[in-house]
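If you're matching positions, the sequence shown starts at 338 in the working numbering and goes up one per residue.
Report on the structure given below.
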Amino acid sequence: MKQHQKMLLGIVIGTVAGIAANLLVGGAPWLDWVVTNVTSLVGQLFLRLLLMLVVPLLFAALVTGVCELDLRSIGRLGVRTLGYTVVISSIAVLIGLFLVNTLKPGTRLSEEAIAALVQKGSVVKAAPAPSADSVPGLILSMVPTNPIKAAADGDMIALIVFSLISGVGLMVTDTPGSRHLKETILGLYDVLMTLIDGVLRLAPIGVGALLFSVTARLGFGILVQVASFVGVVLLALGLHMFVVYSLSVRFLGGRNPIAFFRDCRLAIVTAFSTASSSATLPTALKVAEENLKLPRNVSRFVLTAGSAMNQNGTALFEGVTVLFLAQVFGVELSLANQAVVMFICVLAGIGTAGVPAGSIPVIAMILGMFKIPPEGLGLILGVDRFLDMCRTTLNVTGDLAAAVYVARGEPAPENQTPPVPARSESSVS
Numbered sequence: 338m339k340q341h342q343k344m345l346l347g348i349v350i351g352t353v354a355g356i357a358a359n360l361l362v363g364g365a366p367w368l369d370w371v372v373t374n375v376t377s378l379v380g381q382l383f384l385r386l387l388l389m390l391v392v393p394l395l396f397a398a399l400v401t402g403v404c405e406l407d408l409r410s411i412g413r414l415g416v417r418t419l420g421y422t423v424v425i426s427s428i429a430v431l432i433g434l435f436l437v438n439t440l441k442p443g444t445r446l447s448e449e450a451i452a453a454l455v456q457k458g459s460v461v462k463a464a465p466a467p468s469a470d471s472v473p474g475l476i477l478s479m480v481p482t483n484p485i486k487a488a489a490d491g492d493m494i495a496l497i498v499f500s501l502i503s504g505v506g507l508m509v510t511d512t513p514g515s516r517h518l519k520e521t522i523l524g525l526y527d528v529l530m531t532l533i534d535g536v537l538r539l540a541p542i543g544v545g546a547l548l549f550s551v552t553a554r555l556g557f558g559i560l561v562q563v564a565s566f567v568g569v570v571l572l573a574l575g576l577h578m579f580v581v582y583s584l585s586v587r588f589l590g591g592r593n594p595i596a597f598f599r600d601c602r603l604a605i606v607t608a609f610s611t612a613s614s615s616a617t618l619p620t621a622l623k624v625a626e627e628n629l630k631l632p633r634n635v636s637r638f639v640l641t642a643g644s645a646m647n648q649n650g651t652a653l654f655e656g657v658t659v660l661f662l663a664q665v666f667g668v669e670l671s672l673a674n675q676a677v678v679m680f681i682c683v684l685a686g687i688g689t690a691g692v693p694a695g696s697i698p699v700i701a702m703i704l705g706m707f708k709i710p711p712e713g714l715g716l717i718l719g720v721d722r723f724l725d726m727c728r729t730t731l732n733v734t735g736d737l738a739a740a741v742y743v744a745r746g747e748p749a750p751e752n753q754t755p756p757v758p759a760r761s762e763s764s765v766s
């Protein structure tokens, strides 16, 4: 069996077993013990093994990718990546806002369901609201005073800036020592990719354990309670993934969308199972270079930056959630207020941590800005893990779609085979 098929099998077995356990013996003490001490432990170990490799891989991939560019290419790649991110994220939020305003899922929830699901004692700590000098503060925060501390704190944007600067310095320095350092970092990248192959062999077990833990505790009953909200989120995510990304890949990337999604299967399944863009970065890099045949300097640059900045699914989810909770509690948001929500969601999608539930504090901050009761997040927390898996899938697919767009027209390095040209529909089995 291929790797993605093994992971899909793990997803099916873990989900079915979890639902069966929830229906048959839900609430039994021994089931709670198994979930806490066995399946959750196995799943979290798998996630930690992936996350352990993210920081060194991000540094090594970005430095080696920049070393193969020239100064003009860096500026061009940066502008194209950022421009693509802003435009596609804006489209994602607009799709979400349009569907919420049209379908009005927040008006369909009964008072009994709200009372049962809202947990007033579990309000999430909100992210700090943007201040008047937030733009200068954002720019300053992008340049770390201590890159090691930034890496330890999970400040991926600061780490990306440090890696870019290091790559540029290594590119313009031609000494025996710098050439040796370049080879050393390239060797580090090769070792990390070997370790990733080993970790992915454990993926079916880790994925099955994660999904068993979620479904055994919650079942699908909670999805029924907030089915309208879940349905709108899934509809918006599906439209963006299969319509917007397909158009982007076809017309901006010059590739066959069907072939693109087929080649990205392993990254898509990994993203869905881990619910973490950061944890999926190693697999996305592997897919970009081995399946999509993208120039490695472009794929390393775009995907490492995209794992922290190109969060289309996160931006969409935040916008939908804010408007949904506003409808639940009867808070009217004007078009101007919705435009502010959209702007914040796009910016938050660039700065939100690529880890499970990383968007929840940002949503809490936006709710506070518009006087929407923050305890409404209790409605979301019960289904957030499932929706996080779905939006992370969109985020990672968006990173690969962005890499395809940016790679088009970029010359491939002399020592690498150029990207595979677009295939016709008739060539797809």
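We treat Cβ as the ideally placed atom computed from N, Cα and C, and that holds for glycine.
Taking the alpha carbon of residue i as the point to measure from, which residue in the options has its own alpha carbon closest?
i, options, result
"Leu346", "Met702, Ile542, Ser615, Lys623", "Ile542"
"Met702", "Leu716, Leu572, Val720, Cys682", "Cys682"
"Asp725", "Gly705, Ala744, Ile697, Glu747", "Ile697"
"Gly705", "Leu662, Asp369, Arg745, Arg728", "Leu662"
"Asn767", "Glu747, Ala495, Phe638", "With the chain represented from 338 up to 766, any question about residue 767 goes unanswered, as that position is not in the structure."
"Ser500", "Asp511, Thr510, Ala488", "Ala488"
"Val498", "Asp721, Val379, Met646", "Met646"
"Ile717", "Tyr582, Val403, Leu653, Phe566", "Phe566"
"Thr651", "Ser585, Val424, Asn732, Val580", "Asn732"
"Ala573", "Ala596, Arg722, Val379, Ser427", "Ser427"
"Asp492", "Phe396, Thr401, Gly402, Ile411", "Phe396"
"Asp600", "Gly524, Val741, Leu670, Met389", "Val741"
"Leu525", "Gly575, Thr422, Thr730, Val400", "Val400"
"Val635", "Trp367, Thr418, Thr730", "Thr418"
By a C-beta neighbour count over all protein chains shown, 10 Å radius and 16 as the cutoff for buried, is residue i buried or exposed?
i, result
"Ile700", "buried"
"Gly590", "buried"
"Val391", "buried"
"Gln675", "buried"
"Asp369", "exposed"
"Ala673", "exposed"
"Ile522", "buried"
"Val767", "A query on residue 767 cannot be resolved here, the shown segment of the chain reaching from 338 to 766 and no further."
"Val480", "exposed"
"Ala744", "buried"
"Gln342", "exposed"
"Thr607", "buried"
"Ser671", "exposed"
Which class does residue i belong to by DSSP, given the choice of helix, strand or coil?
i, result
"Pro481", "coil"
"Thr352", "helix"
"Arg445", "coil"
"Ile709", "coil"
"Phe654", "helix"
"Val683", "helix"
"Ser503", "helix"
"Lys339", "coil"
"Arg602", "helix"
"Pro632", "coil"
"Val639", "helix"
"Asp721", "helix"
"Leu518", "helix"
"Glu627", "helix"
"Asp801", "Look at the range of the chain in this structure, 338 to 766, and you will see that residue 801 is not part of it."
"Leu583", "Sequence check: residue 583 is Ser here, not Leu. If DSSP states are grouped into helix, strand and coil, Ser583 belongs with the helices."
"Gly591", "coil"
"Phe666", "coil"
"Thr617", "helix"
"Asn374", "helix"
"Thr512", "coil"
"Ser426", "helix"
"Gly364", "coil"
"Arg413", "helix"
"Ala397", "helix"
My guess is that residue i and residue j are in contact by the Cβ rule of under 8 Å, so how many angstroms apart are they, rounded?
i, j, result
"Val678", "Val659", "5 Å"
"Leu640", "Leu629", "Incorrect: roughly 11 Å between the Cβ atoms, too far for contact."
"Ala616", "Leu387", "4 Å"
"Gly643", "Ala739", "6 Å"
Using 8 Å as the limit for Cβ to Cβ distance, is residue i near chain C?
i, result
"Ala488", "Looking for chain C here will not work: only one protein chain is present."
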